[in-house]
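Quick mapping for you: the protein sequence lines, in order, are chains X and U.
Be aware that the first sequence starts at 11, since it is given in my numbering, and climbs by one per residue.
Be aware that the second sequence starts at 11, since it is given in my numbering, and climbs by one per residue.
Virtual Cβ for every residue (Gly too), placed ideally from N, Cα, C.
Bear in mind the structure is a predicted one, so any value in this text is a computation, not a measurement.
Number of protein chains: 2
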Amino acid sequence: MKIIEGGVCAAKGFKAGAMRCGIRKSQTKKDLAMILSDCMCSASAVYTTNRVKAAPILLTREHLADGKAQAVIVNSGNANACAPFGIENARREAKAAARALGVKTEDVIVASTGVIGQTLPIEAIEDHVDAMEMKYDNSLTAAEAIMTTDTKVKTIAVEFEADGKICRIGGICKGSGMIHPNMGTMLCFITTDCAISSEMIRKALLTLVKKTFNRVTVDGDTSTNDMCTVLSNGMAGNREIAAEGADYDVFCEALHTVMEDLARKIAADGEGASKLMTCTVSGAADEDTAEKLAKSIASSALVKAAMFGSDANWGRVLCAMGYSGAPFDTEAVLVEFASDEGSIAVCENGRGLDFDEDLAKKILSRDEVKINVTLREGTGEATCWGCDLTYDYVKINGDYRT
Amino acid sequence: MKIIEGGVCAAKGFKAGAMRCGIRKSQTKKDLAMILSDCMCSASAVYTTNRVKAAPILLTREHLADGKAQAVIVNSGNANACAPFGIENARREAKAAARALGVKTEDVIVASTGVIGQTLPIEAIEDHVDAMEMKYDNSLTAAEAIMTTDTKVKTIAVEFEADGKICRIGGICKGSGMIHPNMGTMLCFITTDCAISSEMIRKALLTLVKKTFNRVTVDGDTSTNDMCTVLSNGMAGNREIAAEGADYDVFCEALHTVMEDLARKIAADGEGASKLMTCTVSGAADEDTAEKLAKSIASSALVKAAMFGSDANWGRVLCAMGYSGAPFDTEAVLVEFASDEGSIAVCENGRGLDFDEDLAKKILSRDEVKINVTLREGTGEATCWGCDLTYDYVKINGDYRT
């Protein structure tokens, strides 16, 4: 498996397009994107666990009930959640895309991100979408169009071999604020030319989302609009993966790489973030325990603020573990901070160590810092990704709507 | 019942004292306080739910096993949590207080607040505590000594009648960061001269802590050191309250007033807070549901940041309700913002209303703002208290240890 260029258009037969249709007030920011496969795809998706679900989520769930889709339409600038005419406008959005792309309405996936509670200006979409140019090398412009408070484009693609054929998986995603396990305003669109049934996509997606996107936390808020979809058009020519086996394993490995990469990019681009924080708990009784502990650390406002200050305040790490609800022996905790500047142990057997504060500060001043916690209870291990809590997070969210 | 002066010394027979003994580097900030009753008290306490419990919590639980106590010693500047010699130093702290005050070691309650993980400089306490002056009108200086990042002294007292006798309940508390349901670095010491058994204190405390301190959230972190204690010395002369009845009810009402007042003061003084945020959910299926929803709103980083910006971003309120885990009809939600500037409805039947943005901004610009959510499912109601998320929260916690 190797990393390749091309993002969501890396796999054979996938086009993308983007434009400014006028949902946003901005005269320059693009606010509409589409993805189209040359032929029908097997498809599956996972959605937000928020009880308040945006209209496009409800519609997409309906459209994917048969495990088939051929296109995606995504708008930014308006979430179409808790909004008047929500489901009606989501349906009109799908219909507009279907007409523009020449596919069936029920084969269109619809996604929205932006402000909650305002009526989607559906006419802006209907009036302009026909003019969108769809191209085979257009991943970047689509990735840009789905951004909201994101500061960086998030894209990745990999190439691997299944059944003797070269296959590709690529994706784009957006997500910056309102990110929390179980998927906060996160939209992710993954395409592949590897032939695989929608049942097996679903199986892989459910397994891998737990280890990737659901282990990202920015602010503890879970959005109404999250969605991660995988579309497979089978154009790589391999025999369709319809059961577990070697091909399925290699597909999962590639999909895992794509999803983990995008998950890390979301955490690193957390609203206002100045650094990516990777929390790994190992030696736990089991993986669930490790995950609970790692999530609690990565979610702690106090740990996040300490990371912003490059302050080796490990007491907050222990404290966050303590209120996670997961059982562990508080007397057997090793805490280390690490980055490309090195590694330093700050707490052993649940007690503070005398450590070099200057070195610790240097280690924590990097763009990516690691909090490594080791227990002595088993082989359970999990990594969660987050970011620091900064002045800019407050600034961005103190007045988002204006 | 009426509000009176005197704080933790308002009840008959309670003295307090405070001093700087040298735990903190600061040459001016007091770091040690004690409370003493003229005679033995019935007593009970509730503690942090954090699995990592500070040594003073463990010791106090041991000392209160018999429902009796006569004195309290509290230090600030060091939490004595995850620290070398933790339990040994907590014991030495109790012993030093006992010697200074002429009471038994096992009748001393010990509490600590401050940095986690550093050895408590117990000699500073042992060397100076004998010189502490204990006085009957000294609540304020004790309240000051237990402050950490608090910016305001938190104290209250009330007077009421039970069994024909005038009784008083007063308290002091501290708490500002690391505050979350179920009690984040919150220390609260309540004294009363109303005669009541330790069993009935415990009953009242467990009921009322759920409706007061456990409904305060500042940053989602739950500390290792929290404690709320009630000491009753019976000097009001009423017949001891040993069962439910009219006297117990009036005692609970007074204790509720004291605890709610202190809880609100903690929320209003949340680290970096510029305003108190009161979230009330009514019309829920039951009180538990209402509480879950109100807590989720009050805890949301995005709602808190919007309140900082006086931004009527009600979509975030619905979103926070949606991921609370509590069931509710998303199509039957009314959201109103209120303050002493008036009240404005922003969302009805789960959909946005056209509202006057200028008026909403004016309402949300006050020191105390209310988020009132009304459902149509029953009579369950709950209020939670929080504060906005500001630049100063990040500043305070980005470099707390230095």
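Contact with chain U by residue i, beta-carbon distance below 8 Å
i, result
"M331/X", "yes"
"P131/X", "no"
"W395/X", "no"
"F223/X", "no"
"G32/X", "no"
"M193/X", "Residue placement at M193/X is poorly supported in this model, since its pLDDT is 41, which falls under 50; the coordinates still yield a value, given next. No, no contact with chain U."
"D321/X", "yes"
"I381/X", "no"
"R376/X", "no"
"T340/X", "yes"
"I276/X", "no"
"F10/X", "With chain X covering 11 to 412 only, the question about residue 10/X has no answer from this structure."
"N60/X", "yes"
"K407/X", "It should be pointed out that residue 407/X corresponds to Asn in this sequence rather than to Lys. Closer than 8 Å: yes."
"V219/X", "no"
"Q80/X", "no"
"C49/X", "no"
"A100/X", "no"
"A121/X", "no"
"A392/X", "no"
Contact belief for residue i with residue j at Cβ below 8 Å, rounded distance in angstroms
i, j, result
"N88/X", "S47/X", "Actually they are not in contact, since the Cβ atoms of N88/X and S47/X sit about 26 Å apart, beyond 8 Å."
"G32/U", "A134/U", "4 Å"
"V82/X", "F223/X", "Not confirmed; about 17 Å, so no contact."
"G181/X", "T165/X", "7 Å"
"M317/U", "D257/U", "Rounded, the Cβ-Cβ distance is 41 Å, inconsistent with contact."
"A246/X", "I132/X", "So it is not a contact: roughly 37 Å between Cβ atoms."
"A315/U", "G408/X", "5 Å"
"N90/U", "A55/U", "With 8 Å as the limit, N90/U and A55/U do not qualify as a contact, their Cβ atoms being about 17 Å apart."
"S149/X", "G17/X", "3 Å"
"T393/U", "A304/U", "6 Å"
Opposing strand residues paired with residue i [DSSP bridges]
i, result
"T201/U", "G180/U, L241/U"
"G87/X", "G124/X"
"R361/U", "E358/U"
"N382/U", "T290/U, E346/U"
"I67/X", "Its beta-bridge partners do not exist; DSSP assigns none."
"F24/X", "S47/X"
Chain X within 8 Å of residue i, Cβ atoms only
i, result
"R361/U", "yes"
"T288/U", "no"
"A26/U", "no"
"L420/U", "Here chain U covers residues 11 to 412 and nothing more, so residue 420/U does not appear."
"S207/U", "no"
"C92/U", "yes"
"S233/U", "yes"
"L312/U", "yes"
"A167/U", "no"
"C238/U", "no"
"Q37/U", "no"
"F199/U", "no"
Burial state of residue i, where buried means 16 or more other Cβ atoms lie within 10 Å
i, result
"R249/X", "exposed"
"M11/X", "exposed"
"G319/U", "buried"
"E270/X", "buried"
"C49/U", "exposed"
"E263/X", "exposed"
"I13/U", "exposed"
"E103/U", "buried"
"T202/X", "buried"
"M193/X", "At M193/X, the pLDDT of 41 sits below 50, so the modelled position is not reliable; the number obtained from the coordinates is stated separately. It counts as buried."
"E15/U", "exposed"
"L216/X", "exposed"
"G174/X", "exposed"
"K35/U", "exposed"
"E415/X", "Residue 415/X falls outside the range modelled here, since chain X spans only 11 to 412, and no answer is possible."
Quick test of the definition: if touching needs 3 or more C-beta pairs under 8 Å, does the stretch 290-302 of chain X touch the stretch 380-398 of chain X? yes
Counting beta carbon pairs with one atom in the stretch 370-380 of chain U and one in the stretch 345-354 of chain U, are three or more of them shorter than 8 Å? yes
Say whether the stretch 363-374 of chain X touches the stretch 99-110 of chain U, bearing in mind that this needs 3 or more beta-carbon pairs closer than 8 Å, one atom from each stretch. no
Would the stretch 351-370 of chain X count as touching the stretch 270-279 of chain X if we require 3 or more Cβ pairs under 8 Å? no
Say whether the stretch 69-83 of chain X touches the stretch 38-46 of chain X, bearing in mind that this needs 3 or more beta-carbon pairs closer than 8 Å, one atom from each stretch. yes
I'd like to know if the stretch 66-81 of chain U and the stretch 111-118 of chain U are in contact, where contact means that at least 3 CB-CB pairs between them fall below 8 Å. Using a Cβ-Cβ distance cut-off of 8 Å, the stretch 66-81 of chain U and the stretch 111-118 of chain U are in contact, since at least three pairs of beta carbons, one from each stretch, lie closer than that value.
Check whether the stretch 325-338 of chain X and the stretch 17-26 of chain U touch, using three or more Cβ-Cβ pairs below 8 Å as the test. no
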